[in-house]
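Student: In the working numbering, the protein residues as written are 106 to 185. Cβ atoms here follow ideal geometry from the backbone N, Cα and C, with glycine treated the same way. All values reported here derive from a predicted model rather than from experimental measurement.
The following block contains the structure:
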């Protein structure tokens, strides 16, 4: 799909992109990209996995909020 590539993350040496392709050109894209030194990974959407990630993220946010409250309470007690 034209203009579908987006940079998701970049560090000093590597960059992570997402690209949406039609099935008829996917194999050609993989071959050409690998010849140029790129690593290709397929992604298949799974609603169950996505729901699990969402629940885990919600739990981590709740844990962070409770730990932040404990930390603030400790700081007020220790440092006034």
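Opposite residue 123 in the DSSP bridges: which residues?
Tutor: 111
Student: In this structure, how does DSSP classify residue 163 when only helix, strand and coil are distinguished?
Tutor: Reduced to three states, the DSSP call for residue 163 is helix.
Student: Per DSSP, what kind of secondary structure is residue 134 in: helix, strand or coil?
Tutor: helix
Student: In this structure, does DSSP put residue 174 in helix, strand or coil?
Tutor: Reduced to three states, the DSSP call for residue 174 is helix.
Student: Could you check which residue in 143, 126, 127 has the C-alpha nearest to that of residue 118?
Tutor: 143
Student: Using the Cα positions of residue 167 and residue 153, report the straight-line distance between them to the nearest angstrom.
Tutor: 21 angstroms
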